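Undergrad: Just passing along the structure, written as structure tokens.
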Amino acid sequence: MTTTHRAQSDGQIERQNRTLEDSLRCSISYNGNDWNDHLSTIEYAHATLVSTSKLSPFSVDTGRKPKNLLSVGERATQVPQSRVEYTSRFVQHRQQVIDRARKNLLNVLAAQKNFYDKRRIENPFKLGDLALLSTQDLDISHATAETTLRSRKFIPRFIGTVYHLGASWYRRPT
Numbered sequence: 001m002t003t004t005h006r007a008q009s010d011g012q013i014e015r016q017n018r019t020l021e022d023s024l025r026c027s028i029s030y031n032g033n034d035w036n037d038h039l040s041t042i043e044y045a046h047a048t049l050v051s052t053s054k055l056s057p058f059s060v061d062t063g064r065k066p067k068n069l070l071s072v073g074e075r076a077t078q079v080p081q082s083r084v085e086y087t088s089r090f091v092q093h094r095q096q097v098i099d100r101a102r103k104n105l106l107n108v109l110a111a112q113k114n115f116y117d118k119r120r121i122e123n124p125f126k127l128g129d130l131a132l133l134s135t136q137d138l139d140i141s142h143a144t145a146e147t148t149l150r151s152r153k154f155i156p157r158f159i160g161t162v163y164h165l166g167a168s169w170y171r172r173p174t
């Protein structure tokens, strides 16, 4: 389960889908009836795109670099003599790829945390303080409980007064 406004989860799939949609939109004809002709090329481009882990999704999934038309003439990798040797090399290489991806992702997460912490402002409220509650991220039914307004444009920016009970917990005074 994820929460809103969290950098690690907020819209990752939506962003990926939007990227693929934009790529298709740029590739298809005016009539838009040939999108399936371009799908494999776009899928290949997405799978080989180096991401935050400094590895492509294809490399992380399979443990090897993908072949393309430009690399067909390159020297083939040497095949080990036995299946046991091949399997042990594959497992070892696979673990190295996963470890490298994990290390790169942890470095990126640390950099994101550092960037976030530089600009973060501590909550100025103490437990039990009275405060006004912002309606910016509230469902409109909660924000308009005191009025008959049903349009976000006209609802008050703040409602309240509420007691501050903790990190993100508030309660109306009775």
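Numbered according to full-length UniProt numbering, the sequence shown spans residues 1 to 174. Quick reminder that beta carbons are idealized off the backbone N, C-alpha and C, glycines included. Everything numeric in this text was worked out from a predicted model, so none of it was measured.
#1: Considering only the alpha carbon of each residue, which of L165, K54, F158 and R94 lies closest to T135?
#2: Could you check which residue in H38, I121, S82 and G160 has the C-alpha nearest to that of C26?
#3: Assess contact between the region 95–104 and the region 116–129, defined as three or more Cβ pairs (one per stretch) separated by less than 8 angstroms. Is contact present?
#4: CA-CA distance, P66 and T19?
#5: Within 10 angstroms of its Cβ, does S59 collect 16 or more other Cβ (buried), or is it exposed?
#6: Looking at chain C, is there any beta carbon in it that lies within less than 9 angstroms of the beta carbon of S40?
#7: Just list the alpha helix (DSSP H) runs in the region 9–46, keeping only unbroken ones of 4 residues or longer that don't cross its boundaries, in chain order.
#8: Which word fits M1, buried or exposed, when buried means at least 16 other C-beta atoms lie within 10 angstroms of its C-beta?
#9: Kindly indicate which three-state DSSP category I155 falls into: helix, strand or coil?
#10: What separation, rounded to the nearest whole angstrom, lies between the Cα atoms of T48 and F90?
#11: Sort G166, L130, D137 and L138 by Cα distance to G160 and report the nearest one.
#12: Tell me the DSSP bridge mates of H93?
#13: Does DSSP classify T161 as helix, strand or coil?
#14: Write down the C-beta distance between L127 and H164 rounded to the nearest angstrom, noting that I regard them as a contact closer than 8 angstroms.
#15: Should S53 go down as buried or exposed, given a rule of 16 or more other Cβ atoms within 10 Å for buried?
TA: A quick look at the data gives this:
#1: The residue you call residue 135 lines up with position 135 of the sequence shown. Looking at the Cα atoms, F158 is the closest of the given residues.
#2: Translated into positions along the sequence shown, residue 26 becomes position 26. For the residues H38, I121, S82 and G160, the minimum Cα distance to C26 belongs to H38.
#3: no
#4: For the purposes of this step, residue 66 is taken as the residue at position 66 of the sequence shown. For the purposes of this step, residue 19 is taken as the residue at position 19 of the sequence shown. Each residue's alpha carbon lies about 21 angstroms from the other.
#5: Residue 59 sits at position 59 when you count from the first residue of the sequence shown. Counting Cβ neighbours within 10 Å, S59 comes out buried, since at least 16 surround it.
#6: You won't find chain C in this structure, because it holds only one protein chain.
#7: 12–27
#8: The residue you call residue 1 lines up with position 1 of the sequence shown. Reliability of the predicted coordinates at M1 is poor, the pLDDT of 46 falling under 50, and the value obtained from them is presented with this limitation in mind. With fewer than 16 Cβ atoms within 10 Å of its Cβ, M1 is classed as exposed.
#9: On the sequence shown, residue 155 is found 155 positions in, with the first residue counted as 1. In the structure shown, I155 sits in coil (DSSP, three-state: anything other than H, G, I, E or B).
#10: As a position in the sequence shown, residue 48 is number 48, starting the count at 1. As a position in the sequence shown, residue 90 is number 90, starting the count at 1. Looking at the two C-alpha atoms, the distance is approximately 20 angstroms.
#11: Within the sequence shown, the letter at position 160 stands for residue 160. Measuring from the Cα of G160, the nearest candidate turns out to be L130.
#12: Here residue 93 refers to the residue found at position 93 of the sequence shown. Bridge partners of H93: none, in fact.
#13: Walking along the sequence shown from the start, residue 161 turns up at place 161. Reduced to three states, the DSSP call for T161 is strand.
#14: Working through the sequence shown from its first residue, we reach residue 127 at position 127. Working through the sequence shown from its first residue, we reach residue 164 at position 164. Taking the Cβ atoms as the reference, L127 lies roughly 6 angstroms from H164, within the contact range of under 8 angstroms.
#15: Here the question's residue 53 lines up with position 53 in the sequence shown. By the 10 Å Cβ count, S53 comes out buried.
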